[in-house]
Amino acid sequence: MATLLLLVPDLALILTGVLLARLTKWGDGFWSALEKLIYNLLFPALLFTAIVRNKVDLAQAAPFAASVLAVLCTGIALGLLGGRLMKVEPRRFSSAVQCAFRFNSYVALALSQRIGGDAGVAICAVVVAVAVPTGNIAAVWSLARQSGAGLWGALLRNPLVVATVSGLLVNAVGLSLPEPLSAYLTRLGAAAIALGLIAVGAGLKLSDSRGDDQFAFYAVAVKLVAMPLAALLIARLAGFETLPSKILVLFGAMPSASACYILATRMGGDGPYVARLITLTTIASAVAIPFWLSWVV
Numbered sequence: 575m576a577t578l579l580l581l582v583p584d585l586a587l588i589l590t591g592v593l594l595a596r597l598t599k600w601g602d603g604f605w606s607a608l609e610k611l612i613y614n615l616l617f618p619a620l621l622f623t624a625i626v627r628n629k630v631d632l633a634q635a636a637p638f639a640a641s642v643l644a645v646l647c648t649g650i651a652l653g654l655l656g657g658r659l660m661k662v663e664p665r666r667f668s669s670a671v672q673c674a675f676r677f678n679s680y681v682a683l684a685l686s687q688r689i690g691g692d693a694g695v696a697i698c699a700v701v702v703a704v705a706v707p708t709g710n711i712a713a714v715w716s717l718a719r720q721s722g723a724g725l726w727g728a729l730l731r732n733p734l735v736v737a738t739v740s741g742l743l744v745n746a747v748g749l750s751l752p753e754p755l756s757a758y759l760t761r762l763g764a765a766a767i768a769l770g771l772i773a774v775g776a777g778l779k780l781s782d783s784r785g786d787d788q789f790a791f792y793a794v795a796v797k798l799v800a801m802p803l804a805a806l807l808i809a810r811l812a813g814f815e816t817l818p819s820k821i822l823v824l825f826g827a828m829p830s831a832s833a834c835y836i837l838a839t840r841m842g843g844d845g846p847y848v849a850r851l852i853t854l855t856t857i858a859s860a861v862a863i864p865f866w867l868s869w870v871v
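Heads up: take any position in the sequence shown, counting from 1, add 574, and you land on the numbering used here.
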């Protein structure tokens, strides 16, 4: 029940976007401008501050960090395999494959706090530091390859990748942000959460996202079955204690990140189909998260 209550606000914001897009006459220009604002300014601020605030010594956390990377790579590999086997239309596949492995880091941080307090948040910080930049790079690579853009140029220009790499560099050298700058970025990041989910709902046009149901369910299964199962097995093989095991499994069972939609729309992908997958994983994770955590002893 606690897990479901944490997901209700996200679902409510998505529904708000659905209603606003259908009941207002703001037009496509409004929603396109909002997506640009979120993608170029608000989400980068969110990612940067999340990484900078969670100081992590990755050398000491190397075994756990390697486990996070292994779980993430499981999702990436299975997502890419599914697209090849099911012969999904390339533009749609390059947009949607990221939903099989990218995760909602803010739901993860909130649940980590509930599960383990400050210790849980510290462990989840390792997840953010490893999985956010790696997942962003994999997602941009997929979309850049399909759009014909050069990979390295797309990565260097991508504000989400720039923000995560910058955050890691600031974290690595031990710098602290001045309080006014920190407060400014925090306020921008807070706006990204709500507006990003509203934009997901506004982009959820089921008439435009129909088809490829097989891959849609496959991507959800990779995200909420294969990744948490891999996390559970890796945690047991590595002999992690209960709290790190729970955080690793929690990471595996997270719904897809709302940033998947923003990235897809801004790079010329299939936004409505991605919005559909984000909604599906968010709803299904209310069942998946408590189920997988119950296996951690």
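Every residue gets a Cβ at the ideal spot worked out from N, C-alpha and C, and that includes glycine. None of the values given here were measured: they were computed from a predicted structure.
Endpoints, the alpha helix (DSSP H) within which residue i is located
| i | result |
| --- | --- |
| Arg676 | Careful: Arg676 lies outside any alpha helix (DSSP H) and carries neither H nor E. |
| Trp866 | 845-867 |
| Ser669 | 664-670 |
| Tyr792 | 787-795 |
| Ile767 | 753-776 |
| Ile625 | 617-627 |
| Ile612 | Looking at the DSSP string, Ile612 is not in any alpha helix (DSSP H), and its letter there is neither H nor E. |
| Ala809 | 801-812 |
| Lys661 | Unbroken run through Lys661: none, as it is neither H nor E. |
| Asn745 | 733-747 |
| Ser819 | 816-826 |
Between the CA atoms of residue j and residue i - distance to the nearest angstrom
| i | j | result |
| --- | --- | --- |
| Ala703 | Gly748 | 14 Å |
| Val861 | Leu854 | 12 Å |
| Ala718 | Val794 | 23 Å |
| Ala586 | Thr623 | 25 Å |
| Gly709 | Ala812 | 23 Å |
| Ala766 | Ala773 | 10 Å |
| Leu597 | Ala849 | 19 Å |
| Pro583 | Ala595 | 18 Å |
| Leu683 | Leu659 | 34 Å |
| Met841 | Val701 | 26 Å |
| Val642 | Leu655 | 20 Å |
| Ser781 | Leu652 | Low confidence applies here, because Ser781 scores a pLDDT of 49, under 50, leaving its location unreliable; read the following figure in that light. Cα to Cα, Ser781 sits roughly 27 Å from Leu652. |
| Ala768 | Val870 | 32 Å |
| Leu615 | Ala607 | 12 Å |
| Leu751 | Val662 | 45 Å |
CA nearest to the CA of residue i, picked from the options
| i | options | result |
| --- | --- | --- |
| Ser686 | Val736, Leu822, Thr839 | Leu822 |
| Gly601 | Leu654, Ala849, Ala776, Leu867 | Ala776 |
| Gln672 | Leu824, Ile852, Lys599, Ile863 | Ile852 |
| Cys834 | Arg666, Leu655, Val642, Ala640 | Arg666 |
| Leu806 | Ile863, Thr590, Ile857, Ser750 | Ile863 |
| Val626 | Ile711, Leu755, Lys610 | Leu755 |
| Met801 | Val645, Cys698, Val592, Gly694 | Val645 |
| Cys647 | Ile689, Thr816, Ala713, Ala635 | Ala713 |
CB-CB length for residue i against residue j, believed under 8 Å
| i | j | result |
| --- | --- | --- |
| Ser669 | Asp787 | Actually they do not touch by this definition, with Cβ atoms about 16 Å apart. |
| Leu798 | Ser859 | 6 Å |
| Ile836 | Gly741 | Ile836 to Gly741, Cβ: 18 Å. No contact. |
| Gly649 | Phe789 | Actually they do not touch by this definition, with Cβ atoms about 14 Å apart. |
| Ser819 | Ala809 | 4 Å |
| Tyr613 | Pro733 | 7 Å |
| Leu817 | Ile697 | 7 Å |
Cβ of residue i within 8 Å of any chain C Cβ
| i | result |
| --- | --- |
| Leu771 | In summary, chain C is missing from the structure at hand, where a single protein chain is found. |
* Kindly confirm or deny that the region 675-683 and the region 816-830 touch, where touching means at least three C-beta pairs closer than 8 Å. => Between the region 675-683 and the region 816-830, the count of Cβ pairs shorter than 8 Å is three or higher; the stretches touch.
* **the region 745-764 in contact with the region 608-627 per 3-pair CB rule at 8 Å** => The region 745-764 is in contact with the region 608-627.
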